[in-house]
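K.L.:
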Amino acid sequence: MGGEAPRRWRDCSPKPAWGKFRDGTGEFHPLEHHSADVAACFEALLRDPVLRDRFERAGGGGGLQPPY
């Protein structure tokens with residue numbers, strides 16, 4: 169029963185979640201920051217009446233409620 173645990177089990181420390189990752193350098197954009205960026209961009213798109221109408225129709229036409 170003894171011996172070492174498999175390598176994949178040895179490093180169980182939590183890793184930060186990332187939204188964008190650069191392979192060459194290991195740099196990353198944290199997931200929570202990326203999610204906030206995406207939400208801000210979507211909110212800005214909803215301010216355009218034409219795009220808002222298209223999003224409403226694509227979502228089944230239930231209507232989007234403010235704030236947007």
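Residue numbers (my numbering): 169 to 236.
Think of the CB as a built atom: it goes at the ideal place given N, C-alpha and C, for glycine as much as any other residue.
Source: prediction; values computed, not measured.
Would DSSP call P184 helix, strand or coil?
P.N.:
In the structure shown, P184 falls within a coil segment according to DSSP collapsed to helix, strand and coil.
K.L.:
What do you reckon, are the CB atoms on H202 and K183 nearer than 9 Å?
P.N.:
no
K.L.:
Which ranges would you report for the beta strand (DSSP E) in the stretch 196-233 if only whole runs of at least 3 residues count?
P.N.:
Fully enclosed beta strand (DSSP E) runs of 3 or longer: 196-198.
K.L.:
Alpha carbon to alpha carbon, how far is C209 from D216?
P.N.:
12 Å
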